[in-house]
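Peer 1: Residue numbers (UniProt numbering): 1 to 400. In this text, a Cβ means the ideal position worked out from N, Cα and C, and glycines have one as well. A single structure is presented below for examination.
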Ligand SMILES: Cc1cc2nc3c(=O)[nH]c(=O)nc-3n(C[C@H](O)[C@H](O)[C@H](O)COP(=O)(O)OP(=O)(O)OC[C@H]3O[C@@H](n4cnc5c(N)ncnc54)[C@H](O)[C@@H]3O)c2cc1C
């Protein structure tokens, strides 16, 4: 019997990769909770920052874009850059895509992946089943990679939790729990600004604590984009156009440049439509840095260094760190020890070659863990358009 390819992950990248493998007739087993990052780890009522055109899960067959889902569901079409995609619509689109193109999805966790002596991999599932796969695609996205600044991690003695003094933005779905409370949100990216706006709309008094000067900013609306620059799913700019459509040479850039661009390009900037919901409703506190945190009697306090050079203490009922995600192979504990030590990494992220293959033949990474090799577009759903066909082409040729 031909050993299947195993895909770990049922978010946009795992589902898109699976659709491409199935279309080539390659046996595949796909594991994960479909669209769970969007369903459980993002706030209810969130709107996508990406435009409809940048919110498609890539498939080899026509008819599986967001707009096709809108038609099938009988809801108004989301097409133009001014149409805003509610997270609930996007989750339903992902489920529809999965039911049509990846119907055999197995909603179980992969507990371990190890190399087999004769080649290929051995996977263990939390159902207790063990099986052999000829190749493995890791598409675990944001899972387990939430980043908490060290000051907060040290102060959160019982760990970060929505009911304790400190939490990470990924731990929140229902922000109405903060109604009538004082909330501090650390960060200046879309996640921080939208979490703050949604909590304020739910009746919380919210302060955003942001490092640097003028970092809380919002993008230009679609009708105000610069002309004479090429279009990309993220706006009109040469850099965005190149990074979106030509990520091939990215992995040959110097290591420092690659990691810098992943962090900075398409980095902290609120969506154009969020500005009116934010300004005047959320207080902004710009600081030089957060230097300490504590929680006495369960109430959190942040010690911040001001731009004038002094230190100040800020208090609230709860602090949410909207401080993003860090790729770290060490956090992917389902990868066996021997496999992890054999993997070539660059600052914690796997170093990938052509076709998204790691330094261990047959082991592929896509989505966020691939961003250090293929650029910032891998942090977004539209990255599936570049990644999925190339990964699957490589895998099909190497494991025919
Ligand atoms: C607040 C917020 C807003 C965002 N907004 C946008 C946006 O507007 N547009 C955009 O393009 N991107 C946005 N992103 C980024 C977006 O989340 C990612 O691009 C996308 O989810 C990545 O998809 P993925 O398939 O790689 O991983 P995920 O969607 O994170 O899916 C991970 C999958 O892996 C599975 N999994 C994990 N571990 C295991 C295991 N051991 N065994 C089995 N399965 C496992 C999970 O069950 C899940 O199915 C946003 C991110 C955040 C945090």
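So what's residue 49 in DSSP terms, helix, strand or just coil?
Peer 2: As a first step, residue 49 is located in the chain shown; it is residue number 49 there, counting from the start. Three-state result, residue 49: coil.
Peer 1: Would you say the beta carbon of residue 261 comes nearer than 8 Å to a heavy atom of ligand 1?
Peer 2: If you number the chain shown from 1, residue 261 lands on position 261. False, no ligand heavy atom lies under 8 Å from that Cβ.
Peer 1: Would you list, in sequence order, the uninterrupted alpha helix (DSSP H) runs of no fewer than 4 residues that lie entirely inside the region 37 to 110?
Peer 2: If we require 4 residues or more, the alpha helix (DSSP H) runs fully inside the region 37 to 110 come out as 66 to 73 and 87 to 101.
Peer 1: Assuming contact is defined by CB atoms lying nearer than 9 Å, are residue 325 and residue 137 in contact in what I supplied?
Peer 2: The residue labelled residue 325 in the question sits at position 325 within the chain shown. The residue labelled residue 137 in the question sits at position 137 within the chain shown. In this structure, residue 137 does not lie closer than 9 Å to residue 325 by Cβ.
Peer 1: What are the start and end residues of the beta strand (DSSP E) that includes residue 130?
Peer 2: Position 130 of the chain shown, counted from the start, is the residue given in the question as residue 130. Here the beta strand (DSSP E) through residue 130 covers 130 to 133.
Peer 1: For residue 170 and residue 322, I'd like the C-alpha separation in whole angstroms.
Peer 2: In the chain shown, the residue the question calls residue 170 occupies position 170. In the chain shown, the residue the question calls residue 322 occupies position 322. Computed Cα separation, rounded: 8 Å.
Peer 1: Smallest Cα separation from residue 36: which of 79, 377 and 142?
Peer 2: Working through the chain shown from its first residue, we reach residue 36 at position 36. Nearest of 79, 377 and 142 to residue 36, Cα basis: 142.
Peer 1: Helix, strand or coil for residue 306 per DSSP?
Peer 2: Here the question's residue 306 lines up with position 306 in the chain shown. Coil at residue 306, not helix or strand.
Peer 1: Under a Cβ-count criterion, where at least 16 other Cβ atoms within 10 Å of its own Cβ denotes burial, should residue 194 be classed as buried or exposed?
Peer 2: Walking along the chain shown from the start, residue 194 turns up at place 194. Counting Cβ neighbours within 10 Å, residue 194 comes out buried, since at least 16 surround it.
Peer 1: With the cut-off set at 9 Å, would you say residue 226 and residue 272 are in Cβ contact?
Peer 2: Taking the chain shown and counting its residues from 1, the one referred to as residue 226 is at position 226. Taking the chain shown and counting its residues from 1, the one referred to as residue 272 is at position 272. Taking 9 Å as the Cβ cut-off, residue 226 and residue 272 do not qualify as a contacting pair.
Peer 1: Mark residue 190 as exposed unless 16 or more other C-beta atoms lie within 10 angstroms of its C-beta, in which case mark it buried.
Peer 2: Looking up residue 190 in the chain shown gives position 190. Answer is buried; the Cβ neighbour count reaches 16.
Peer 1: With respect to 8 Å, is the separation between the Cβ of residue 329 and the closest non-hydrogen atom of ligand 1 below this value?
Peer 2: Translated into positions along the chain shown, residue 329 becomes position 329. No, the Cβ of residue 329 stays beyond 8 Å of every heavy atom of ligand 1.
Peer 1: Exposed or buried, residue 356, counting other C-beta atoms within 10 Å across all chains shown (16 or more means buried)?
Peer 2: Within the chain shown, the letter at position 356 stands for residue 356. Result: buried.
Peer 1: Can you tell which of 270, 376 and 319 has its C-alpha closest to the C-alpha of residue 258?
Peer 2: Along the chain shown, read from residue 1 onward, the residue named residue 258 stands at position 258. The option with the nearest alpha carbon to residue 258 is 376.
Peer 1: Quick one: does residue 175 have its CB under 9 Å from some CB of chain B?
Peer 2: No chain B is present in this structure, which holds just one protein chain.
Peer 1: Indicate whether residue 215 and residue 282 have their beta-carbon atoms separated by less than 9 Å.
Peer 2: On the chain shown, residue 215 is found 215 positions in, with the first residue counted as 1. On the chain shown, residue 282 is found 282 positions in, with the first residue counted as 1. Contact flag unset, no.
Peer 1: Which residue's Cα is closest to the Cα of residue 287: 276, 302 and 296?
Peer 2: Position 287 of the chain shown, counted from the start, is the residue given in the question as residue 287. Taking only the C-alpha atoms, the option nearest residue 287 is 302.
Peer 1: If you count every other CB in all the chains shown that lies within 10 Å of the CB of residue 16, and 16 or more means buried, which is it?
Peer 2: Against the chain shown, residue 16 aligns to sequence position 16. Counting Cβ neighbours within 10 Å, residue 16 comes out buried, since at least 16 surround it.
Peer 1: Taking 9 Å as the threshold (C-beta atoms), are residue 398 and residue 197 in contact?
Peer 2: In the chain shown, counting from the first residue as 1, residue 197 sits at position 197. In the chain shown, counting from the first residue as 1, residue 398 sits at position 398. No, they are not a contact pair.
Peer 1: Report the residue from 230, 127 and 115 whose alpha carbon sits nearest the alpha carbon of residue 341.
Peer 2: Taking the first residue of the chain shown as position 1, residue 341 is located at position 341. Checked all of 230, 127 and 115; the closest Cα to residue 341 is 115.
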